[in-house]
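Working notes, structure below.
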Amino acid sequence: MNELRNDCFALPPGVNWTPVDEALKRLRSRLHPVVGVDRAVPLSQLNGRILASDVYAPRAHPPCSNSAVDGYAFAGPLTQVPCTMPLVDGRSAAGEPYLGQVAEGHAIRILTGAVLPAGTDTVVLEEDCEVIDQQLHLNGTLKAGANARKAGEDIKIQDRILTVATRLTPTQISVLASVGVESVDVYQRLRVGILSTGDEVKPVGSAVTDWQIYDANRPMLSALVAQLGYQVVDLGHVLDRAEDVRAALEHGAEQCDLVLTSGGVSAGDEDHVSKTLKAHGDISNWRIAIKPGRPLALAMFQGTPVVGLPGNPVAAWVCALRFGAPAMALLAGGEWFEPQGYVMPANFSKNKKPGRSEMLRARVRDGQVEVFGSEGSGRVTGLAWSEGMVELDESAQLIESGTPVRFIPYSSFGL
463 MNELRNDCFA LPPGVNWTPV DEALKRLRSR LHPVVGVDRA VPLSQLNGRI LASDVYAPRA
523 HPPCSNSAVD GYAFAGPLTQ VPCTMPLVDG RSAAGEPYLG QVAEGHAIRI LTGAVLPAGT
583 DTVVLEEDCE VIDQQLHLNG TLKAGANARK AGEDIKIQDR ILTVATRLTP TQISVLASVG
643 VESVDVYQRL RVGILSTGDE VKPVGSAVTD WQIYDANRPM LSALVAQLGY QVVDLGHVLD
703 RAEDVRAALE HGAEQCDLVL TSGGVSAGDE DHVSKTLKAH GDISNWRIAI KPGRPLALAM
763 FQGTPVVGLP GNPVAAWVCA LRFGAPAMAL LAGGEWFEPQ GYVMPANFSK NKKPGRSEML
823 RARVRDGQVE VFGSEGSGRV TGLAWSEGMV ELDESAQLIE SGTPVRFIPY SSFGL
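In the numbering used here, the protein residues as written are 463 to 877.
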């Protein structure tokens, strides 16, 4: 395991409000993979895993030149038409190649995927010719190599087919299988601890009073981490007590590669997460110019990075996606990423003030972007309603129906 420096999140003196782009840039520059490597993991266990080294093809794909269609193979090109070629006895089919040599001026029956017999390089579609008395009659011109796939035209032997830090998907696993790669080295799954805090917060299933709320953040963040392909370590919920917070963080530092907390990261009397990290760890509180969000605690605690998210569910979700998802990808051995956004016309109006970036819960309907009716960071119904976010930069903006805006679907974060 590669440890991070204790001061890896330190910011220059005097930094107060940090623009989103600058915060992301600094965060990226301070992180690197922290997990070990699992060797020779088989194909059946690779989905969602991250490559720990480049992969090179031990075999070409396709390994032999073959036909792309059902038809007749011969040596091309065919320029003089009409013409007639005698057919050789036999055929070439997928899994049953013709092992003989096709003489010049002759043709042979061939099926899709079959190896091109020696002496042939071109295939004519069976619909474009006629066979009478073992004679192939051709009426149209044809370029050499038509309807044929050359050996190695997709992948050559020792081509680099996948690169380190690639998160493997079913389609990439098919590339490995196509050239006979049975297993590869991948990074171990990032272990992410999830910790909720707050006297007013109670785990689902507990008895509550009117002034208490159920813990929405821990189930939400656990599901997010699991869907991103990492291992969830449930650190539970702790009250606003310094000793309880410290004990939970110590447990998290022992068990996890990264800890996500929610709540307690501002500068209030009961914000014991930030106080504990300051007293016993190395912390940088980033006052990020983002709405919802702002307080984001980045710290090292006993050698383990801690990301302290805001307590309101919408703010926790936004910061977990915008900052946590690319950070976890990099710590897990993958690549830092900027989510792919799409410029689309707005189906809403907004007079945005300058000073902060804003992330609006949004979805696309009929080619336009609509946003949730309330921007309140406690409105969890807006999370379920949304399919992504509209990102507005720090500038003042007047948005009306039809104004181009940047929509980021949740799928761009790996969901």
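Quick reminder that beta carbons are idealized off the backbone N, C-alpha and C, glycines included.
Taking all protein chains shown into account, decide if residue i is buried (16 or more other Cβ within 10 angstroms of its Cβ) or exposed.
i, result
"residue 528", "buried"
"residue 753", "buried"
"residue 632", "exposed"
"residue 609", "buried"
"residue 595", "exposed"
For residue i, which residues in the same chain have their Cβ closer than 7 Å to its Cβ, ignoring the five residues on either side in sequence?
i, result
"residue 560", "552, 553, 554, 570 and 579"
"residue 818", "751, 752, 753 and 856"
"residue 799", "788 and 791"
"residue 859", "814"
"residue 786", "722 and 769"
Whole-angstrom Cβ separation of residue i and residue j, contact assumed at under 8 Å?
i, j, result
"residue 637", "residue 624", "7 Å"
"residue 533", "residue 607", "So it is not a contact: roughly 14 Å between Cβ atoms."
"residue 657", "residue 700", "7 Å"
"residue 556", "residue 582", "The Cβ separation is near 16 Å, so there is no contact."
"residue 759", "residue 735", "7 Å"
"residue 568", "residue 550", "5 Å"
"residue 604", "residue 540", "4 Å"
"residue 525", "residue 639", "Actually they do not touch by this definition, with Cβ atoms about 14 Å apart."
Using beta-carbon positions only, say whether residue i and residue j come within less than 9 Å of one another.
i, j, result
"residue 808", "residue 865", "yes"
"residue 775", "residue 835", "no"
"residue 511", "residue 691", "yes"
"residue 764", "residue 722", "no"
"residue 643", "residue 519", "yes"
"residue 868", "residue 849", "no"
"residue 862", "residue 837", "no"
"residue 611", "residue 530", "yes"
"residue 844", "residue 773", "no"
"residue 650", "residue 517", "no"
"residue 628", "residue 620", "no"
Note down, in chain order, each residue of its chain lying with its Cβ closer than 6 Å to the Cβ of residue i, except the 5 sequence neighbours on either side.
i, result
"residue 592", "599"
"residue 630", "508 and 511"
"residue 479", "749 and 751"
"residue 655", "695, 697, 714, 718 and 721"
"residue 665", "677 and 699"
"residue 806", "831 and 869"
"residue 876", "690"
If we cut at 9 Å on Cβ distances, does residue i have a partner in chain B?
i, result
"residue 690", "You won't find chain B in this structure, because it holds only one protein chain."
Beta-carbon within less than 8 Å of residue i's beta-carbon, same chain only, minus the 5 sequence neighbours each way: which residues are those?
i, result
"residue 476", "Below a pLDDT of 50, predicted positions are generally treated as unreliable, and residue 476, at 49, falls in that range; the measurement from the model is reported next regardless. So no residue of the chain qualifies."
"residue 874", "801, 802, 803 and 850"
"residue 565", "550 and 581"
Length at least 3, wholly inside the segment 707-771: the beta strand (DSSP E) runs in chain order: 720-724, 744-750, 757-763 and 766-771
Continuous beta strand (DSSP E) assignments of at least 3 residues falling wholly in the segment 595-669: 597-600, 622-624, 645-649 and 653-659
Uninterrupted alpha helix (DSSP H) stretches inside the segment 831-868 (no shorter than 4 residues): Taken in chain order, the complete alpha helix (DSSP H) segments of 4 or more residues contained in the segment 831-868 are 843-847.
Start-end ranges of the beta strand (DSSP E) lying completely within the segment 564-600, minimum 3 residues: 569-572, 584-587, 591-594 and 597-600
Segments of 3+ residues assigned as beta strand (DSSP E) that fall wholly inside the segment 502-552: 533-536
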